[in-house]
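Visitor:
Numbering (the numbering used here), first residue to last: -4 to 290.
Rendered as structure tokens:
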């Protein structure tokens, strides 16, 4: 088993851990960490990663499962102490390295489950000078059509002066179970309105944003660095998460669908999940381009 694979460009380094969900253990620019590894004591798996792969769905699913095409499919909690199934199973699986070179690594996963899902996934990381590219593709091997969701879950390093721009047309307000309850314009929650560059909220945020244009920008004035994020069209949502201003990380998660899209009014297809018949496929990608603020 390969414990870790490192890829490098002239300025970037990314360390990938195949046995831990093909996640990233490090993403650094000239030795400066831009993603923040996060200890997860008491979680499964208890690993320090700075980015996770989300497949075959992102975030939480309520109600013990979901109904699709008239059939109910049960799902079970997979990450104690979370009471709900979360993030699918890709992040908890051991992936196989299928190709590795100095600036690119490709990993594969064949999964039976969770629940009705059966799929083959390919995850690729590549670095080009100042740019990291993540790409994920999935082929459904289930015998029935199912709603698939994909995403990336990086933990960006949070600093006191960090700034974010990420225009979206809506944000879900959540209940106490971190499930969406009401969709409102971001202007109704001013410190969550990232249509223009602003500092991160001091209070907790753990909310899904919809109708995102796929472009975001992060600035670290302390480091003199910026990070331009560019996502493929399928990634029309993002989730912003940070426990507080004191947390060392801020999650900006490009995802295909809303939290609990499987159970939101109107059905799974309405909220970003992708219907895949047996043998059909879908893919996503996201680019992270580092720049000096003086440029």
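Glycine included, every Cβ here is placed at the ideal spot set by N, Cα and C.
Output the distance between the C-alpha atoms of residue 47 and residue 188, rounded to the nearest integer angstrom.
Guide: Within the chain shown, the letter at position 52 stands for residue 47. Within the chain shown, the letter at position 193 stands for residue 188. About 25 Å.
Visitor: For residue 225, which of helix, strand or coil comes out of DSSP?
Guide: Walking along the chain shown from the start, residue 225 turns up at place 230. Looking at residue 225 - three-state DSSP - the assignment turns out to be strand.
Visitor: I need the DSSP call for residue 207, collapsed to helix, strand or coil.
Guide: As a position in the chain shown, residue 207 is number 212, starting the count at 1. Here residue 207 sits in coil by DSSP.
Visitor: Taking only the alpha-carbon atoms, compute the straight-line gap between residue 200 and residue 159 and give it to the nearest angstrom.
Guide: Residue numbering aside, residue 200 sits at position 205 when the chain shown is read from its first letter. Residue numbering aside, residue 159 sits at position 164 when the chain shown is read from its first letter. Going by the C-alpha atoms only, they are around 14 Å apart.
Visitor: With 16 other CB atoms within 10 Å as the buried threshold, where does residue 41 fall?
Guide: Sequence index remark: in the chain shown, residue 41 carries index 46 (1-based). Since pLDDT at residue 41 reaches only 43, below the 50 mark, its modelled position is unreliable, and no value is offered.
Visitor: For the beta strand (DSSP E) holding residue 165, just list the boundary residues, first then last.
Guide: In the chain shown, residue 165 corresponds to position 170, counting from 1. Start and end: 165 to 169.
Visitor: Tell me the residue span of the beta strand (DSSP E) that contains residue 176.
Guide: In the chain shown, the residue the question calls residue 176 occupies position 181. Per DSSP, residue 176 belongs to the beta strand (DSSP E) from 175 to 179.
Visitor: Can the beta-carbon of residue 137 be found closer than 9 Å to that of residue 268?
Guide: Within the chain shown, numbered from 1, the residue matching residue 137 stands at position 142. Within the chain shown, numbered from 1, the residue matching residue 268 stands at position 273. Not closer than 9 Å, so no.
Visitor: Per DSSP, which one or two residues make a beta bridge with residue 237?
Guide: Translated into the one-based positions of the chain shown, residue 237 becomes position 242. 200, per the DSSP bridge assignment.
Visitor: Only counting runs of 3 or more residues, tell me where the beta strand (DSSP E) segments fall wholly within the segment 47 to 75, in order along the chain.
Guide: Fully enclosed beta strand (DSSP E) runs of 3 or longer: 60 to 63 and 66 to 69.
Visitor: If you draw a straight line from the C-alpha of residue 5 to the C-alpha of residue 226, how long is it?
Guide: Indexing the chain shown from 1 puts residue 5 at position 10. Indexing the chain shown from 1 puts residue 226 at position 231. For residue 5 and residue 226, the distance between alpha carbons rounds to 23 Å.
Visitor: Looking at the strands, I want to know which residues DSSP matches up with residue 266.
Guide: Start at 1 with the first residue of the chain shown, and residue 266 comes out as number 271. For residue 266, which the question treats as bridged, DSSP gives no partner whatsoever.
Visitor: State buried or exposed for residue 259, treating a residue as buried only when at least 16 other CB atoms are found within 10 Å of its CB.
Guide: Numbered from 1 along the chain shown, position 264 holds the residue referred to as residue 259. Buried is the call here.
Visitor: For residue 50 versus residue 116, is the C-beta spacing smaller than 9 Å?
Guide: One-based indexing of the chain shown puts residue 50 at position 55. One-based indexing of the chain shown puts residue 116 at position 121. Contact: yes.
Visitor: For the beta strand (DSSP E) containing residue 92, name the first residue and the last one.
Guide: Within the chain shown, residue 92 is the residue found at index 97, counting from 1. 91 to 96 is the span of the beta strand (DSSP E), which, as asked, contains residue 92.
Visitor: Going by beta carbon distance, what residues of the same chain come within less than 6 Å of residue 214, once the five residues before and after it are set aside?
Guide: Taking the first residue of the chain shown as 1, we reach residue 214 at position 219. The residues are 158 and 221.
Visitor: Enumerate in chain order the residues of its own chain whose CB-to-CB distance from residue 197 is below 6 Å, with the five nearest sequence positions on each side excluded.
Guide: Numbered from 1 along the chain shown, position 202 holds the residue referred to as residue 197. Closer than 6 Å at Cβ, skipping near neighbours: 240.
Visitor: Taking one C-beta from the segment 59 to 72 and one from the segment 97 to 115 each time, how about it: are there three or more such pairs within less than 8 Å?
Guide: With a cut-off of 8 Å, the segment 97 to 115 and the segment 59 to 72 count as touching, because enough Cβ pairs lie within range.
Visitor: Measuring straight from C-alpha to C-alpha, what distance separates residue 233 and residue 253?
Guide: Taking the first residue of the chain shown as position 1, residue 233 is located at position 238. Taking the first residue of the chain shown as position 1, residue 253 is located at position 258. Each residue's alpha carbon lies about 8 Å from the other.
Visitor: Using 8 Å as the Cβ pair cut-off and three pairs as the minimum, do the segment 133 to 148 and the segment 24 to 36 touch?
Guide: Output reads no: the segment 24 to 36 does not touch the segment 133 to 148.
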